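J.:
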Amino acid sequence: MPAPEVQLLGRWVHSSEDDHDGVAVYRRPEFNFPPARGRRGLEFGADGSFVEWAIGRGDGSEARPGRWEPDPAGGAVARGAVGGTALRAVQTAPDVLEVRAVDTPAGGPT
Numbered sequence: 005m006p007a008p009e010v011q012l013l014g015r016w017v018h019s020s021e022d023d024h025d026g027v028a029v030y031r032r033p034e035f036n037f038p039p040a041r042g043r044r045g046l047e048f049g050a051d052g053s054f055v056e057w058a059i060g061r062g063d064g065s066e067a068r069p070g071r072w073e074p075d076p077a078g079g080a081v082a083r084g085a086v087g088g089t090a091l092r093a094v095q096t097a098p099d100v101l102e103v104r105a106v107d108t109p110a111g112g113p114t
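So my numbering is basically just the index in the sequence shown, starting at one, shifted up by 4.
(1) What is the DSSP secondary structure of residue 61, counted as helix, strand or coil?
(2) Relative to the alpha-carbon of residue 21, which residue among 68, 54, 44, 80 has its alpha-carbon at the smallest distance?
(3) Along the chain, which unbroken stretches of the beta strand (DSSP E) at least 3 residues long are found entirely within the region 23-63?
(4) Tell me which residue opens and which closes the beta strand (DSSP E) that residue 14 is part of.
(5) Taking one C-beta from the region 55-66 and one from the region 26-35 each time, how about it: are there three or more such pairs within less than 8 Å?
(6) Among 18, 34, 64, 68, which has the Cα closest to the Cα of residue 53?
(7) Under 9 Å, do residue 33 and residue 17 count as touching if we go by C-beta distance?
(8) Note down, in chain order, each residue of its chain lying with its Cβ closer than 8 Å to the Cβ of residue 104, except the 5 sequence neighbours on either side.
(9) Counting C-beta neighbours from all protein chains within 10 Å, is the total for residue 83 16 or more, i.e. buried, or is it exposed?
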């Protein structure tokens with residue numbers, strides 16, 4: 005089984021129907037999602053790059069770049085380019101990613 009960081013790589017689409025207990029659930033783009041007016045997404049690059057895909061004008065996608073790194077406590081932490089909010093991957097599998105928002109000082113440790 006690949007390391008959680010390897011499973012994390014690539015693009016993920018928000019599956020809001022599966023969110024639970026303050027955890028946002030993401031699935032691979034190939035998943036058979038029910039119809040929705042735009043979906044947010046996340047993308048993790050092997051080089052540590054991170055893109056949060058927000059819903060933009062006309063239900064299109066708007067890229068918000070940032071960085072991600074492995075979390076010593078397990079999983080990974082992604083930080084956007086703006087503000088002190090980070091996302092911590094709490095569950096990573098080949099077909100599902102669960103993340104929780106965590107507040108951190110801008111550029112500071114989690």
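Each residue gets a CB set at the ideal place from its N, CA and C atoms; glycine is no exception. Bear in mind the structure is a predicted one, so any value in this text is a computation, not a measurement.
T.: The relevant details are as follows:
(1) Your numbering for residue 61 matches position 57 in the sequence shown. Helix, per DSSP.
(2) On the sequence shown, position 17 is the one that residue 21 refers to. Selected option, being the one with the closest Cα: 44.
(3) Secondary structure in the region 23-63: the beta strand (DSSP E) runs of 3 residues or longer, each lying completely within the stretch, are 28-31, 45-48, 53-59 in chain order.
(4) The count along the sequence shown starts at 1 and reaches residue 14 at position 10. Residues 14-18.
(5) Between the region 55-66 and the region 26-35, the count of C-beta pairs closer than 8 Å stays below three; the two stretches do not touch.
(6) Mapped onto the sequence shown, residue 53 falls at position 49. The shortest C-alpha separation from residue 53 is found at 68.
(7) If you number the sequence shown from 1, residue 33 lands on position 29. If you number the sequence shown from 1, residue 17 lands on position 13. In this structure, residue 17 lies closer than 9 Å to residue 33 by Cβ.
(8) Working through the sequence shown from its first residue, we reach residue 104 at position 100. So the list reads 26, 27, 28, 91, 92, 94, once near-sequence residues are dropped.
(9) Within the sequence shown, the letter at position 79 stands for residue 83. For residue 83, the number of other beta carbons within 10 angstroms of its own is at least 16, and it is reported as buried.
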